[in-house]
């Protein structure tokens with residue numbers, strides 16, 4: 003028994019270490035006299051780096067813990083490192099922003115750590131109960147983060163909307179899980195898969211599956227469960243929005259992939275239709291609803307909805323290649339998103355944030371470096387070759403074509419062309435409109451994130467093979 007418990011602890015060591023360090027930093031912040039924010043922020047970055055190291059060097063192959071409720075495989079390791087990286091960048095982007103904004107609190111990086119623990123549990127969940135525990139640990143921290151700036155009415159409204167709608171989605175997920183448990187007799191993914199392989203999926207189980215997909219679709223802001231996204235993205239402080247758009251999306255996409263491919267892998271035709279519908283609706287809404295936006299954060303919210311639709315194209319294929327496409331897509335999407343939000347954080351005049359797209363007018367004449375990076379990120383989000391965003395879409399569409407989903411692929415390409423309009427419009431405003439007043443100087447960490455992400459999407463073609471091979475290994479570990 004002791005050896006079994008020890009093996010369980012080794013498999014879940016990164017999560018344990020991150021949770022303990024989060025608690026230690028909380029106690030440090032509470033009992034230290036004076037402002038502990040800088041020290042806690044540094045401690046949070048070190049904690050995330052340590053957790054990523056433990057994930058990378060923690061072992062190989064497939065490990066399970068807690069009677070199979072927690073699984074660690076190549077897919078889990080890759081997605082956990084992505085989530086940890088996204089969280090670390092979000093913490094770094096917030097340092098000077100929060101100081102100037104007057105919303106600096108030592109609890110902020112601790113909440114990100116706790117949300118990240120929940121994400122890591124989600125990615126490794128191999129049981130409906132473990133899935134729900136990870137999801138709620140992440141969500142409760144995110145609700146507070148959205149409203150972290152208590153002096154802002156917009157932030158308070160964003161947090162409240164996110165909380166109310168998040169509670170609704172959690173209820174739907176729980177109801178779906180109870181139906182699946184009732185019709186299969188188990189909450190464990192392998193046992194659910196065995197039951198479906200032996201008896202197929204009845205009407206009751208299909209209803210449960212629909213509710214589970216609805217609950218998870220909310221977390222990736224897919225249509226028709228996207229309604230919270232524009233308001234929360236606009237209302238939350240920009241570094242918090244950058245965090246919402248990156249790491250939690252990676253974790254939720256990983257959870258959706260594991261849930262569909264694992265326990266429901268034997269009934270692909272039953273959930274494929276739902277995923278195809280959600281994917282088409284998300285791509286279409288993301289393409290058309292963003293056209294009329296004037297606020298850059300709301301535009302990026304609709305862009306995020308569209309991007310999740312493209313990622314779901316890979317999942318809809320229901321194949322190893324499709325999952326590989328999703329992993330590649332989320333990898334590239336997260337880095338593009340973090341870089342874009344770093345550019346948005348740089349939109350500051352006389353110490354105050356500006357968020358209107360028109361504020362970017364003539365940026366190329368005042369700040370050539372920021373203008374070039376911003377333009378490259380927009381081109382990449384539009385899927386223009388040879389930038390990284392093109393390859394992200396290429397792999398998910400290729401998987402869909404090979405799976406015979408030709409209509410889905412055609413609609414995806416068409417919506418991608420429509421979406422290119424509002425990305426190229428931003429480039430036009432940056433380079434061809436009359437220059438507005440100069441932005442303030444960029445902070446060092448914001449400049450680093452923006453330029454590094456720009457370099458990644460520009461040079462992706464040079465080092466794409468190792469990342470694509472890693473994504474293939476991650477996908478194969480699920481089958």
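In the working numbering, the protein residues as written are 3 to 481. For glycine and all other residues, C-beta sits at the position ideal for the given N, C-alpha and C. Given the structure is predicted, the values throughout are model-derived calculations rather than measurements.
Within the same chain, 288, 292 and 383 come within 7 Å of residue 305 by CB-CB distance, once the 5 residues on both sides are set aside. Cβ contact annotation for residue 411 (same chain, cutoff 6 Å, sequence separation greater than five): 399, 402 and 403, in chain order. Here residue 233 is buried. Its C-beta has 16 or more other C-beta atoms within 10 Å.
Taking C-beta separations shorter than 7 Å and ignoring five residues to either side along the sequence, the partners of residue 345 in its chain run 372, 375, 376, 379 and 452, following chain order.
In the structure shown, the three-state DSSP call for residue 367 is helix.
For residue 12, the closest of 57, 46 and 33 by C-alpha to C-alpha distance is 57.
Annotation: residue 73 is outside any alpha helix (DSSP H); the continuous beta strand (DSSP E) that includes it extends over 72-74.
Residue 39 is not bridged by DSSP to any residue. Shortest Cα-Cα distance from residue 416 to any of 277, 430 and 385 involves 385. The three-state reading of DSSP puts residue 109 in helix, counting H, G and I together. Within the same chain, 231, 232 and 235 come within 6 Å of residue 303 by CB-CB distance, once the 5 residues on both sides are set aside.
Beta-carbon to beta-carbon, residue 94 and residue 47 are separated by about 7 Å, close enough to satisfy the 8 Å threshold. Collapsing the DSSP output to three states places residue 417 in a helix.
At a Cβ-Cβ threshold of 7 Å, residue 53 and residue 20 count as neighbours. In the DSSP assignment, residue 240 falls within the unbroken alpha helix (DSSP H) covering 240-247.
The Cβ-Cβ distance between residue 391 and residue 308 does not fall below 7 Å.
Residue 224 is positioned such that its CB atom lies no closer than 7 Å to that of residue 124. In its chain, beyond the 5 residues on either side, 311, 314, 315 and 318 have a beta carbon closer than 6 Å to the beta carbon of residue 281. The beta carbon of residue 254 is closer than 6 Å to those of 221 and 222 in its chain, skipping five residues each way along the sequence.
With fewer than 16 other Cβ atoms from the protein chains shown falling within 10 Å of its own Cβ, residue 360 counts as exposed.
In the three-state reduction of the DSSP assignment, residue 297 falls in the strand class. Under the three-state reduction of DSSP, residue 129 is assigned to strand. Distance from the CA atom of residue 183 to the CA atom of residue 480, rounded to whole angstroms, is 22 Å.
In this structure residue 473 is in contact with residue 330, their Cβ atoms being roughly 5 Å apart against a cut-off of 8 Å. Here residue 228 is buried, its C-beta having at least 16 other C-beta atoms within 10 Å.
Spatial neighbours of residue 17 in its own chain (CB-CB distance under 7 Å, excluding positions within 5 residues in sequence) are listed in chain order as 119, 122 and 123. In this model, residue 431 and residue 362 are separated by some 7 Å (Cα to Cα). Annotated as proximal: residue 70 and residue 190, with beta-carbon spacing under 7 Å. In this structure residue 212 touches residue 178 by the C-beta definition: roughly 7 Å separates them, less than 8 Å. Contact check between the stretch 268-277 and the stretch 144-156: fewer than three CB pairs, one atom from each, fall below 8 Å, which does not count as touching.
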